[in-house]
Structure formats: C-alpha cells, structure tokens
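Protein chains in written order, with my numbering: chain A, 3 to 433; chain B, 3 to 433.
The beta carbon of each residue, even a glycine, is placed where N, CA and C say it ideally should be.
Note that the structure is a prediction, hence the values are computed from the model and not measured.
Right, here's the structure in full:
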C-alpha cells in the first residue's frame with residue numbers, strides 16, 4: 003500500500019460534504035494519529051458542479067460510483083449514496099471485489115446484504131466499516147466489536163431513531179398530539195414527507211439487525227424482527243406512563259433468551275430512573291447489558307451531517323491504522339444462524355389501557371379474564387369517566403407474563419363486550 | 003510472533019482473577035474475534051497458593067513480577083499490581099524495554115510516568131494499553147483515541163470516582179450528612195479507611211490527566227490540576243442545588259481555553275437536565291464536547307473486578323488483533339506541552355452560599371461588593387433565619403464571571419464583617 007491513504011467518496015450530500023470538511027480540518031492530526039496522510043482522491047455525485055462549501059478540486063470526478071469504486075487511484079471507498087440496492091450495492095460490491103476497503107453509513111444496505119458483503123470483504127482482505135450506520139455519532143459499533151470483546155452480551159437496546167424520540171418527547175413536554183408533533187417534525191426536516199419508514203419502526207429495525215449481529219455473534223436477520231411503530235401512541239398513554247413512573251420510548255431491543263435471540267422494535271415503557279428514559283429530543287442512546295460490564299449506556303447524536311461524518315472519519319482512520327476486524331465481530335463462518343425467538347414467547351411486564359364500558363361488573367370481568375391466564379396485576383388505575391360517561395378508562399400494569407397470555411386475555415375481554423375501543427398494549431422494558 | 007498470544011498477569015487480586023476468568027470463559031469467542039488463541043502463560047502474585055476460584059495451573063508462577071515481565075514465554079504483560087512506583091513501574095518498564103506489549107489499569111502510574119512509558123513503547127514498537135485505568139468498564143480511552151479521531155475536542159468532563167458519587171447521591175436521596183455517608187461507604191467497601199485519595203479528588207485528577215492528554219493531544223500534566231474534594235459539601239448545598247435546578251457532582255473537567263488547557267477537579271453544579279446529573283450511586287460517566295459529534299456521554303461502571311477486567315480483556319484482544327495506536331493518540335513527539343490555564347482565569351457561573359449576619363444593610367453591602375467586580379447575579383435567595391436568628395442564609399447564583407472576580411468580591415465581603423462563616427463556592431458546569 004501507498005503511504006498516502008487515498009479515499010474515494012460516493013455521495014456528496016450533507017454527510018459526504020461533512021466528511022470532506024473533517025478530513026480537511028483534521029488532516030494534520032489524522033496523519034499524526036494514523037501514521038498516514040489521508041487524501042480525497044476521487045468523488046462521485048449526481049451534481050458535480052454544486053457548491054458544497056468545501057474544496058474538492060484535488061479529487062477526480064466520477065459520474066459513475068462503480069467506476070470510482072474500481073478506480074486504481076483509491077484505497078478506500080466511502081459509500082454515502084443510500085438505498086439497499088442500485089448504485090450503493092453495486093459500488094460497495096465492486097470496491098470489495100477489487101480488494102478496496104469500504105466505509106458506509108448505509109443501514110438499509112447492511113441490514114439486507116450485510117452478510118454477503120462481509121463475506122466478500124473477508125475473501126479479499128478488505129475492511130468493511132459502518133460505524134455511521136447505527137446511531138450516527140455514537141461509537142456503538144466499535145464498542146460492541148472491540149470495547150466489549152471480553153463480554154457475553156445479554157441484551158442490547160436503544161433509541162435508534164431521532165424522529166420518533168423527538169415526537170414522543172414533544173408530546174410529553176408540550177401536551178401535543180402525535181399528529182401535531184409529526185407535522186412539526188416534518189416542518190423542521192426531522193421527518194420525511196412519507197414518515198412511515200421512521201414512525202413505523204423500520205429504520206430502527208435496520209439498525210437493530212446490525213447491533214444484534216455484533217452483540218450476539220449471529221447472522222443478520224432483519225426480516226425476522228417484530229416491528230410496531232409509534233403511530234398509535236396517544237397523549238393518554240404518555241400521561242399514564244408518567245404517573246406510573248415510566249416514559250414511553252420507541253426502542254429496538256435484541257436479547258438472548260432460552261428460545262434464541264429475540265429482536266423487536268416497539269413503543270416501550272422505560273422506567274423513569276433508567277438512563278435511556280432521560281434521553282429527549284432527536285438524541286439517540288444505546289444500552290448494553292453484558293456479564294462483565296453489567297450496564298453500559300452511550301448517549302449522543304443519532305443523525306446530522308457532522309455527527310455522521312465523525313463516525314465515517316473514525317472508520318477511515320482505523321483503516322489507515324491498518325485495523326481489520328471482522329465486520330460483524332466474528333468471521334462470517336463463525337456467525338451462528340439467528341435462532342428466532344417468536345414474539346408470542348416474549349416475557350415481561352405489560353401496560354394495558356382499556357376503554358371499558360361503564361357497566362356494573364365490567365372491571366370484575368376484566369380482572370377475571372386476566373386471572374384465567376395467570377396474569378398478576380401490579381396496579382390497576384380506574385379513572386372517573388370523561389365527558390362521555392359511558393366509557394371508563396382503565397390502566398393495568400402486569401407483572402412479568404407472556405405475550406400469548408396477554409393477547410388471549412385481551413381477546414376474551416373484547417369478546418365479552420366490555421371494551422369500547424381497541425385495547426392499547428405497551429411492553430415494559432426494565433433496565 | 004507466535005500464533006498463540008501468551009499473556010502474563012502480575013497481580014491476582016479481584017481484577018486479576020476476573021481477567022483470568024473472562025479469558026477462560028470467552029476463550030473460543032476471543033480466538034474467533036482476534037484470529038489468535040489467547041493463553042495465560044505466566045502469573046505473579048504475593049500469595050501463590052490462594053484459591054482465586056479460577057484454574058491457573060497451566061501458567062508458570064513468578065515470584066518477581068519483573069522476571070515475569072521479561073520472560074521469553076509471554077507476549078503481553080498485564081500489570082495489576084498498582085502504585086505509581088515500585089514493582090508496578092519496574093515491571094511495566096521492563097516489559098516495554100523487552101518489546102512486550104503492556105496492558106495496565108494503573109492510573110497513578112500513568113498519571114505520573116505515562117509519557118516516559120509511552121515513549122518507551124514507541125521505541126520498542128510495543129503497545130501500551132490502559133482502558134481500565136479510567137472509568138473502569140466504560141470504553142472512554144478507545145472512544146477518545148479512535149472513535150472521535152475526526153473531532154476536535156473542546157471539553158471532556160466526567161464523574162470518575164464512584165465513592166464520591168455514591169456519597170453525594172446518598173446525601174441527596176436520604177438527607178444524610180457527608181460524615182454519615184462516608185462511614186457507610188467505608189462499611190460497604192466503597193471507600194478506604196483513609197478516604198483522602200477518593201474524597202479529596204486526587205483519584206479523579208489522575209484519571210483526568212489521562213483523559214486530557216487523549217482529548218487534546220497534550221502531554222500528561224497531573225501536577226498542574228486544580229483539585230478540590232467533596233469534604234466541605236453540606237446538605238444545605240445539596241438542597242439549594244435542587245431548588246435551583248442543579249445537582250452537585252464531583253467532576254473532573256478538562257477544557258480548551260484561549261489560555262491553554264484548563265484541568266480541574268471540584269464539586270460542580272450540573273444542570274439537572276444534563277445526562278451527567280442523572281448518574282447516581284457508584285456509576286461513572288464521561289461527556290465529551292467536540293466539534294463534529296457535539297455531545298457524547300458514556301455511562302457505566304467505574305470500578306469492580308469484572309467491569310475493570312472487561313476493559314483489560316478488550317485491550318488484550320486489541321493487541322491480539324495487532325492494533326497499535328499511539329498510547330495517547332498522537333505519537334509522543336506530537337504531543338504539545340500542556341499550556342496550563344490557571345484557575346484564576348476560569349470563567350463560568352458560580353453558586354455562592356453565605357451565612358450573612360442579620361444586620362440591616364448586610365444584603366445591600368454584599369450585592370455592592372459583587373457589582374464592584376462586575377459580577378451579575380442570576381438569582382439571590384435569602385431565607386428566613388433558622389433557630390439562630392443572628393445568621394441569615396443567602397444563596398447567590400452568578401452569570402459567567404471569572405474566578406478572580408469571585409474570590410476578590412468574597413474577600414471584600416468577608417473583610418466587611420457581614421459573614422459569619424467561610425463562604426461556600428461551587429462552580430457551575432453547563433452542558
């Protein structure tokens with residue numbers, strides 16, 4: 003290899019331009035830290051002429067990112083195009099095939115094709131680095147891959163989507179509805195015009211698949227993640243959570259169970275005293291429960307051009323230093339098949355909010371149905387009815403039980419005709 | 003190098019035994035992750051025969067840790083003896099001189115001799131790794147050295163001593179005095195019989211010197227840290243802090259100023275909304291403010307055999323993988339001399355609690371002395387006198403000002419004779 007590390011950047015949006023800016027600003031320091039000068043040798047973007055506030059005149063321009071990926075003039079290919087197929091996949095594959103190390107922020111690509119790309123990287127002895135793909139500027143990939151190498155991880159969970167956390171935080175702090183907060187998030191650029199990908203939990207699931215593979219040494223298994231979004235969270239739930247000592251967070255959770263690795267994304271009741279419950283706004287956080295370190299939490303920016311670029315540049319620096327870890331910690335041949343623990347087997351506490359019809363005996367019947375499934379109740383709060391006095395809000399918190407028991411009990415309660423609306427069910431995640 | 007990485011462990015106390023246990027339990031996984039089997043080839047301890055609950059029969063015993071450090075049969079020397087001189091210093095020096103990589107948890111040794119040891123490591127191309135020396139199981143050394151390589155750090159601060167945080171937490175949560183909490187901490191084994199090293203802030207200062215060098219690329223400068231402990235914090239301060247929206251934490255703070263790097267350890271008013279204020283009990287936390295990543299906080303166990311061993315094993319795994327970063331991020335020749343920013347130049351907000359004599363005009367005179375030094379007051383709270391009505395508690399919170407101004411104003415107030423006790427001054431640290 004050449005003494006100078008020659009970088010090719012494909013995609014010059016906010017993150018790409020920020021990477022170029024950081025590599026320029028930190029050039030002297032990075033050279034001293036890594037022992038090699040790092041130079042942007044080539045770039046690829048849709049609009050070559052746009053002013054990005056950074057001098058790229060020393061870099062060759064490639065209209066085709068695949069050509070950049072294959073270029074003899076680069077050592078590292080930085081993919082910031084996005085998307086799980088198309089140019090992103092083609093160019094990353096081309097770079098790895100050519101034995102060039104790859105740095106990417108593309109969680110969708112990794113969640114879908116990560117295993118295949120890791121295998122390719124191993125074959126050609128290239129690095130495949132993706133710190134920026136999960137939780138932006140938080141070094142959670144490095145922490146799981148290297149920092150916790152001596153640990154057996156029991157659970158990893160986190161706030162991995164800033165849009166959802168922003169919406170939930172504003173609902174609580176300002177007493178606004180989900181719809182109002184979503185509209186504001188869209189105005190501020192925190193949410194897309196079609197917010198399904200964020201709000202529905204799919205973005206969190208992509209990131210969770212990557213974390214689960216790193217934490218448990220299993221093959222990526224994004225298709226088997228149980229996913230619920232935050233679209234049905236109401237202000238009533240948020241207020242009830244606070245009264246019960248919880249805060250609602252959209253968490254991605256992967257945990258080792260006796261049935262395999264359980265991977266799930268859903269709104270969660272997090273104890274107010276837990277570090278993750280304190281995290282408000284667009285900030286992200288990840289907690290790792292492991293045997294040696296017990297509980298470790300990392301809190302930081304989950305998105306934004308500069309924070310994401312921080313992670314990309316750290317990956318480039320590692321490559322310059324010659325660090326070559328297996329992309330998912332273990333070599334692909336050692337990654338176990340992800341034995342999926344089905345959601346029905348999930349065990350934990352549950353928050354259940356019911357709109358009970360104001361009948362004599364409704365509460366007793368509800369309690370009876372829970373008892374029939376051996377569900378113990380930690381608390382029951384029945385409020386005075388609102389303006390519509392035919393309906394009584396009832397909030398139940400259960401001790402640990404199974405998803406199946408809760409679903410069966412609720413089906414029986416609904417069939418009994420005591421409920422005016424679909425029950426709200428939110429799982430409790432203890433720290 | 004041999005395919006097997008042969009480890010020598012000097013010091014088989016709680017941490018040493020935990021390292022041996024983790025290396026055993028994770029042996030298969032570590033070999034897969036690093037590409038090399040890791041084997042304990044030699045050990046050294048004061049009492050060879052003691053049962054440590056771990057099988058060390060495969061390891062050669064060395065009465066002299068220096069002999070272990072020099073042994074031809076080890077590749078990595080793990081120093082868990084402790085102390086800044088004596089056997090620890092002699093054996094680490096011997097190992098590095100022999101070109102063997104060193105892993106140590108010894109903050110005192112590093113704070114005092116880190117620079118000299120880093121230089122030696124560079125000369126012999128050995129690694130010198132010390133993740134366990136700061137904040138136990140929290141991977142803050144790796145984060146600063148590698149994870150934030152693209153950033154320019156503005157400030158790093160943290161709760162680095164679990165004993166102090168335990169005492170301050172219990173004082174607040176249970177309304178106990180400092181003396182009562184210290185006695186309990188000693189009973190629980192969180193504090194030594196002579197607690198000065200923890201309580202007085204000296205342990206925090208050792209760790210801060212290491213963090214500052216990593217964060218700012220400066221030479222270690224433990225002797226120039228301004229240090230105040232928590233021994234004078236009263237329940238009155240803790241209650242006043244809560245009323246003002248703060249929580250008192252003993253922080254180590256290193257920050258870049260126009261006058262150089264300011265390094266200080268002192269009780270601090272942290273805003274209740276900051277991540278660091280949420281950290282209770284023996285838990286540690288470190289926050290890094292940097293240009294690209296903005297604010298990153300790591301929270302986890304700061305001590306304990308297994309948590310510390312987690313960090314030691316991660317360092318051993320990095321060495322097995324062949325990772326050789328400069329110990330303090332930059333090569334020693336690139337580390338700048340630490341230009342000390344004196345405490346008198348410190349700028350920030352101040353909390354000041356005075357016991358004013360119940361004279362007509364006392365409050366006006368106090369306010370006048372502050373105004374003469376251009377100190378603006380954000381709030382003044384004067385309480386009704388207690389049982390002794392000759393003394394009135396007054397709490398002032400200033401806007402940003404300088405240490406010199408505050409000290410001069412207080413000296414004038416004391417000289418005026420309006421004050422019954424020594425004023426309490428606690429610096430405010432904004433996140």
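Under the three-pair Cβ rule at 8 Å, the stretch 158 to 170 of chain A counts as touching the stretch 283 to 296 of chain A. The residue among B:109, B:370, B:341 and B:102 with its C-alpha nearest the C-alpha of residue 123 of chain B is B:102. Contacts with chain B at 8 Å (Cβ-Cβ) do not include residue 210 of chain A. Spanning the alpha carbons of residue 236 of chain A and residue 78 of chain A requires a straight line of approximately 47 Å.
About 5 Å separates the beta carbon of residue 44 of chain B from that of residue 62 of chain B, a gap short enough to meet the 8 Å contact definition.
Where residue 119 of chain A is concerned, there is no enclosing beta strand (DSSP E), although the alpha helix (DSSP H) around it starts and stops at 109 to 125.
Taking C-beta atoms as the reference points, residue 316 of chain A and residue 150 of chain B count as a pair closer than 8 Å. When CB distances to chain A are screened at a threshold of 8 Å, not a single residue of the stretch 225 to 236 of chain B falls below it. When the Cα atoms are used, residue 190 of chain A and residue 283 of chain A turn out to be separated by approximately 13 Å.
In the three-state scheme derived from DSSP, where H, G and I count as helix and E and B as strand, residue 159 of chain A is classed as strand.
Rounded to whole angstroms, residue 169 of chain B and residue 195 of chain B show a C-alpha spacing of 15 Å.
When beta bridges are read from the DSSP output, residue 291 of chain A appears opposite A:157 and A:297. Between the alpha carbons of residue 104 of chain A and residue 313 of chain A lies a distance of about 13 Å. Taking 8 Å as the cut-off, the Cβ atoms of residue 380 of chain A and residue 319 of chain B do not count as close.
Residue burial annotation: residue 5 of chain B is exposed, with fewer than 16 other C-beta atoms found within 10 angstroms of its C-beta.
By the Cβ criterion, the stretch 200 to 213 of chain A is not in contact with the stretch 241 to 250 of chain A, since fewer than three pairs of Cβ atoms, one from each stretch, lie closer than 8 Å.
Using a CB distance cut-off of 8 Å, residue 419 of chain A does not count as an interface residue toward chain B. Of all residues in the stretch 137 to 159 of chain A, the ones placed with a Cβ closer than 9 Å to any Cβ belonging to chain B are 138, 139, 140, 141, 144, 145, 147, 148, 149, 150, 151, 152, 153 and 154, in chain order. Interface annotation for the stretch 392 to 423 of chain A against chain B: empty, criterion Cβ-Cβ distance under 9 Å.
The beta carbon of residue 280 of chain B falls within 8 Å of a beta carbon belonging to chain A, placing the residue at that interface. Listed along chain A is no residue with a C-beta nearer than 9 Å to that of residue 108 of chain B; the closest approach is about 19 Å.
When DSSP states are grouped into helix, strand and coil, residue 363 of chain B belongs to the coil group.
As computed with DSSP, residue 396 of chain A is found in a beta bridge with A:356 and A:384.
Between residue 349 of chain B and residue 402 of chain B, the beta carbon gap of about 6 Å places them in contact (Cβ cut-off 8 Å).
For the 8 Å CB-CB criterion, residue 219 of chain A and residue 356 of chain A do not form a contact.
In the structure shown, the three-state DSSP call for residue 330 of chain B is coil.
Residue-level contact by beta carbon fails for residue 387 of chain A and chain B, as no gap is shorter than 8 Å. Within the stretch 191 to 263 of chain A, the complete alpha helix (DSSP H) segments at least 4 residues long are 198 to 201, 204 to 218 and 237 to 246, listed from N- to C-terminus. Shown here for residue 406 of chain A: same chain residues with a beta carbon closer than 7 Å to its own, the five before and five after excluded, namely 346 in chain order.
Counting the other Cβ atoms within 10 Å of the Cβ of residue 398 of chain A gives 16 or more, which makes it buried.
Counted as a single uninterrupted DSSP element, the stretch harbouring residue 280 of chain A is not any beta strand (DSSP E), since DSSP gives it neither H nor E.
Note that the stretch 300 to 308 of chain B touches the stretch 138 to 146 of chain B; at least 3 beta-carbon pairs, one per stretch, sit closer than 8 Å. In this chain, the beta strand (DSSP E) harbouring residue 105 of chain B covers 103 to 106. The way I'd put it, the stretch 320 to 331 of chain B doesn't touch the stretch 373 to 389 of chain B; fewer than three beta-carbon pairs between them come closer than 8 Å.
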